[in-house]
Amino acid sequence: MHAFDVLGDPVRRRILELLADGEQTSGAVSAAIQAEFGISQPAVSQHLRVLRENGFTTVRAAGTRRLYSVNSAPLRDVDVWLDRFRRFWTPHLDALATELARGRRERGKP
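Numbering that gives the first Met the number 0 numbers the first residue of the sequence shown as 0 and each following residue consecutively.
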């Protein structure tokens, strides 16, 4: 499965966002996703499986618990792919930062 196919699903993106804050149990991830998306625990498990099988997460056993964390390698691949498009938005963001700084100076604020 291509990285963008994996990341195209809002549930999987949200799981990665949760895991970006640090390692979490599958139960904690399931509870958060069930509350936000109203899907079943088996459905959350399927999303975790897709993320794991495609390298976006790692899992380790700690007793009876399964702890998930982000694996950044596939995200670096996405970043490399996006790099060719940064030229479309980087100058605009730089110009915005310049205008914001100019506005602060004109108002006399640091």
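Glycine included, C-beta positions come from ideal geometry on N, C-alpha and C.
At what residues does the alpha helix (DSSP H) containing residue i begin and finish?
| i | result |
| --- | --- |
| E22 | Neither: E22 is in no alpha helix (DSSP H) and is coded neither H nor E. |
| D4 | 2-6 |
Please name the residue in the options whose C-alpha comes closest to that of residue i.
| i | options | result |
| --- | --- | --- |
| V5 | E105, Q45, R104 | Q45 |
| H1 | G26, R59, A42, F55 | F55 |
| L47 | T24, G62, A61 | T24 |
| E52 | P73, E98, W88, G7 | P73 |
| L50 | A96, D8, R106, A100 | D8 |
| Q40 | A60, G62, V10 | V10 |
Could you tell me whether the Cβ of residue i comes closer than 8 Å to any Cβ of chain C?
| i | result |
| --- | --- |
| A42 | Annotation note: the requested chain C is absent from the structure, which comprises a single protein chain. |
Are there 16 or more other CB atoms within 10 angstroms of the CB of residue i, so buried, or fewer, so exposed?
| i | result |
| --- | --- |
| V79 | exposed |
Could you say if the stretch 3-18 and the stretch 31-42 meet the contact criterion of at least three C-beta pairs nearer than 8 Å?
-> yes
In chain order, which beta strand (DSSP E) runs of at least 3 residues are fully inside the stretch 35-85?
-> 56-61, 64-69
Does the stretch 67-74 come close enough to the stretch 17-25 that 3 or more CB-CB pairs lie under 8 Å?
-> yes
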